[in-house]
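Those letters in the sequence shown? Residues 69 to 203, by the working numbering.
Heads up, the beta-carbon is just placed ideally off N, CA and C, and yes, glycines get one too.
Quick caveat, the model's predicted, so the values are computed rather than measured.
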Amino acid sequence: MGCREVLKQNGYRITPQRSLIVDVLHDAEKHITPEEIHKQVSARFPEVNKSTIYRTLEVLKKLDLVDETDLGGNKLYYHHAEHGHHHHLICQNCGRTIEIEEEAFAPLKKILVTRYGFDPDIRHLAIFGRCVNCD
């Protein structure tokens, strides 16, 4: 089921602006900031307000249609959930980002559940450190 159908089923209207926000997220080849989304949407709808972008992102996040990640630099990044769950290793020295698949964190999740009785939401993590090139 696509984003628009999920939105409709949950009582949200599919406005042209909201539809375009979904398209921008779906078409993005990488993680995208709300500012980048706003720039693309305002090219077609110059009157669109940044608050519309943020409200739509909150709705999409609540419905698990987008993932939100802090990749550093005091910005939040978003990507369409259909693109799959993955994680990021981010070098604090050179800024290099390495994508890592979700399965790499399965042992951690198992430990948190069995040892601590805590079921983590490990869908999109960013771990900061230093890459091998900067050591």
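Short Cβ contact (9 Å threshold) for residue i with residue j
{"i": "Leu-125", "j": "Tyr-146", "result": "yes"}
Residue i to residue j span [Cα, whole Å]
{"i": "Val-134", "j": "Arg-86", "result": "13 Å"}
{"i": "Gln-160", "j": "Asn-201", "result": "12 Å"}
{"i": "His-155", "j": "Val-116", "result": "31 Å"}
{"i": "His-184", "j": "Asn-142", "result": "For the record, residue 184 in the displayed sequence is Tyr; it is not His. Whole-angstrom Cα-Cα distance: 31 Å."}
{"i": "Arg-123", "j": "Lys-98", "result": "21 Å"}
{"i": "Leu-56", "j": "Val-109", "result": "What is shown of the chain runs 69 to 203, which leaves residue 56 out entirely."}
{"i": "Lys-177", "j": "Pro-188", "result": "7 Å"}
{"i": "Pro-84", "j": "Arg-112", "result": "10 Å"}
{"i": "Arg-164", "j": "Arg-198", "result": "9 Å"}
Chain-order list of residues whose beta-carbon lies under 6 Å from that of residue i (same chain, five-residue window excluded)
{"i": "Cys-71", "result": "Val-90 and Leu-133"}
Residue range of the unbroken alpha helix (DSSP H) whose run includes residue i
{"i": "Ala-194", "result": "It is not in any alpha helix (DSSP H) - Ala-194 instead sits in the beta strand (DSSP E) that spans 194 to 197."}
{"i": "His-99", "result": "Unbroken run through His-99: none, as it is neither H nor E."}
{"i": "Leu-180", "result": "174 to 184"}
Start and end residues, beta strand (DSSP E) containing residue i
{"i": "Ile-121", "result": "Taken as a continuous stretch (DSSP letters only), Ile-121 belongs to no beta strand (DSSP E), being part of the alpha helix (DSSP H) at 118 to 130."}
{"i": "Glu-169", "result": "165 to 169"}
Sequence-distant residues of the same chain with beta carbon closer than 7 Å to residue i, five excluded per side
{"i": "Phe-186", "result": "Leu-180"}
Residues near residue i by beta carbon distance below 8 Å, same chain, minus five either side
{"i": "His-106", "result": "Val-116, Lys-118 and Ile-121"}
{"i": "Pro-102", "result": "Lys-118, Ile-121, Tyr-122, Leu-125, Leu-144 and Tyr-146"}
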